[in-house]
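Residue numbers (this note's numbering), protein chains in the order written: chain A, 2 to 239; chain B, 2 to 239. Where is the CB? At the ideal position from N, CA and C, for every residue including glycine. Keep in mind the model is a prediction, meaning the values are calculated, not measured. First up is the structure itself, then whatever we jot down about it.
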DNA sequence: TTGCTTTCCTGACAAAAGTCATATTCCTGC
DNA sequence: GCAGGAATATGACTTTTGTCAGGAAAGCAA
């Protein structure tokens with residue numbers, strides 16, 4: 002299953018260019034390359050479990066990962082999706098807490114693991130990185146506050162439309178502006194866990210969006226045909 | 002209304018002892034005392050508005066403040082409540098963003114305002130404070146993630162019970178363990194904005210909790226008579 | 001292929017919560 | 001004290017959403 006692979010060179014990593022590590026010095030990157038561990042994970046494997054102690058930082062080189070909390074009623078709430086260039090586990094690491102969520106692979110992934118000491122040392126010598134990380138955590142916090150507001154004030158229908166638009170922003174590929182495919186394999190159940198509703202409700206609403214011509218299905222993926230209509234439904238900035 | 006008052010000495014401030022500034026050196030505290038501005042605010046006044054640019058950090062010396070986002074349908078979602086010793090505005094400041102929420106006085110308050118430059122300088126020279134702040138922001142993020150999960154998975158009834166228990170933790174005074182009064186003046190509307198529901202629903206549920214003997218009303222305030230029952234209702238850790 | 005499992009879909013129904021209308025109570029200023 | 005307004009309370013009704021049950025389709029292993 003999880004297969005150790007040869008360390009990818011951080012200094013050459015394409016995913017890094019768009020990540021928080023984009024300004025880290027060559028020297029420090031080489032050190033990271035030496036310190037870290039790279040692993041190939043298949044879909045369904047879990048990177049870490051809620052409640053356990055973080056031993057380092059995960060960095061996604063390729064693939065897709067979901068971060069979610071399990072709830073008492075057996076469901077799960079997806080907190081965020083991580084893709085190439087994203088980091089996982091820094092909140093627990095910097096907050097000196099246990100993981101508050103679990104992380105599971107959605108699409109086969111190459112994941113680098115940077116041991117805690119190595120990461121902490123890097124932060125100590127690269128104050129620019131530390132500052133950027135702080136900025137990023139603050140931004141995340143802002144996003145979460147927005148999500149809280151959305152959850153308590155908007156209907157499932159509005160939230161689903163908004164979620165589709167956000168997924169389009171992040172995972173949209175090919176086609177002109179009016180027809181972009183969301184290139185990530187999300188089950189209806191996953192989608193429901195992001196929106197915060199029941200799977201059946203998502204299925205029903207997607208069918209509706211489809212028959213209204215706002216979206217279409219391509220295999221397991223969704224194509225956004227009419228983003229404006231979805232924006233209107235989601236009550237975006239209105 | 003807002004009345005400038007003589008600067009309170011940070012180095013002598015009792016509220017500070019339980020705040021993030023509890024380990025800041027005497028020297029730096031004196032500098033803060035010189036740099037800051039203290040203002041007395043009456044209930045209903047607003048410290049800052051969503052969408053504006055942060056010019057500094059607010060520190061609550063006394064009183065209660067609500068931080069909330071206004072939504073398109075005219076309602077508001079309370080993101081957090083701040084009391085003596087709490088800071089406001091650091092997320093926007095450190096994230097280098099505009100305020101994502103507004104802050105309004107719930108109970109007459111003494112609020113100190115530390116200019117941005119002064120705060121940034123303090124962070125630059127006191128790395129321990131910076132680290133503590135990072136830790137705090139990460140912790141906040143964890144709390145928000147929990148709130149997101151709670152909002153999408155629990156009923157209003159469960160959330161209200163949980164909210165009452167949290168308010169009891171933070172604002173509970175006098176009485177033995179089975180009878181603590183929540184010593185903060187929250188209107189039903191405010192409570193609804195915290196829980197994320199309609200005012201009428203809160204009123205109805207509170208009446209129900211009252212007739213079930215779980216709570217009682219003392220003036221505008223609520224006394225928790227049976228925390229265990231509320232914990233059960235809130236499905237806490239179950 | 002075949003059979004098996006998982007995911008997706010649909011319908012019927014129930015429960016939860018929001019909305020609207022209307023009292024009633026509580027404050028506050030005069 | 002009283003008037004007027006705000007906050008609280010309650011009822012009736014509607015809408016939204018969740019739940020349960022059952023079936024179709026798609027993926028997967030042998």
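| Asked | Found |
| --- | --- |
| Short CB-CB distance (under 8 Å) between residue 149 of chain B and chain A | yes |
| DSSP three-state assignment for residue 15 of chain B, whether helix, strand or coil | coil |
| Residue 164 of chain A in three-state terms, based on DSSP | helix |
| Under 9 Å (Cβ pairs) to chain B, residues found in the region 179-211 of chain A | 194, 196, 197 and 198 |
| Contact under 8 Å by Cβ, residue 48 of chain A with residue 104 of chain A | yes |
| Contact list for the region 122-145 of chain B against chain A, Cβ threshold 7 Å | 135, 136, 138, 139, 140, 141, 142, 143 and 145 |
| Within chain A, partners of residue 101 of chain B - CB distance below 8 Å | 143, 146 and 147 |
| Closest Cα partner of residue 44 of chain B within the set B:63, B:51 and B:19 | B:63 |
| CB contact below 8 Å: residue 47 of chain A versus chain B | no |
| Identified DSSP bridge partners for residue 240 of chain B | Chain B is shown only over 2 to 239; residue 240 of chain B falls outside these bounds and no answer can be derived. |
| Candidates A:196, A:41, A:223 and A:179, of which the one nearest residue 108 of chain A by Cα | A:41 |
| Any chain B beta carbon closer than 8 Å to residue 166 of chain A | no |
| Beta strand (DSSP E) segment containing residue 47 of chain B, residue limits | 47-49 |
| Per DSSP, cross-strand counterpart(s) of residue 181 of chain B | B:225 |
| Cα-Cα separation between residue 140 of chain A and residue 90 of chain B, rounded to whole angstroms | 13 Å |
| Partner residues on chain A for residue 74 of chain B, Cβ-Cβ distance less than 8 Å | 154 |
| Where residue 90 of chain A meets chain B, residues with beta-carbon distance less than 9 Å | Ordered by position in chain B, no residue passes the 9 Å Cβ test against residue 90 of chain A, which lies about 11 Å from the chain. |
| Beta-carbon proximity of residue 58 of chain B to residue 120 of chain B, cut-off 8 Å | yes |
| Cβ of residue 70 of chain A within 8 Å of any chain B Cβ | yes |
| Identity of the residues DSSP links to residue 144 of chain A by a beta bridge | Per DSSP, none; premise fails for residue 144 of chain A. |
| Residue 192 of chain A versus residue 160 of chain A - alpha carbon distance | 11 Å |
| Residue 72 of chain B versus residue 236 of chain A - alpha carbon distance | 11 Å |
| Under 8 Å by beta carbon: chain A residues contacting residue 1 of chain B | Since the first residue shown for chain B is 2 and the last is 239, residue 1 of chain B is missing from the structure and cannot be characterised. |
| Top-ranked residue by Cα proximity to residue 173 of chain B, from B:70, B:6 and B:84 | B:84 |
| Beta-carbon proximity list for residue 204 of chain A, same chain, < 7 Å, skipping 5 on both sides | 189 |
| Between the CA atoms of residue 111 of chain B and residue 230 of chain B - distance to the nearest angstrom | 36 Å |
| Three-state secondary structure (DSSP) of residue 8 of chain B | coil |
| Any C-beta of chain B under 8 Å from that of residue 96 of chain A | yes |
| Three-way DSSP call (helix, strand, coil) for residue 211 of chain A in this model | helix |
| Reduced DSSP category for residue 201 of chain B - H, G, I as helix; E, B as strand; rest coil | helix |
| Reduced DSSP secondary structure (H/G/I, E/B, other) of residue 187 of chain B | coil |
| Against chain A: residues of the region 220-236 of chain B by CB proximity under 7 Å | 236 |
| Three-way DSSP call (helix, strand, coil) for residue 35 of chain A in this model | helix |
| Residue 62 of chain B - DSSP class collapsed to helix/strand/coil | strand |
| Continuous beta strand (DSSP E) stretch holding residue 21 of chain B: start and end | Looking at the DSSP string, residue 21 of chain B is not in any beta strand (DSSP E), and its letter there is neither H nor E. |
| Alpha helix (DSSP H) segment containing residue 93 of chain B, residue limits | 91-96 |
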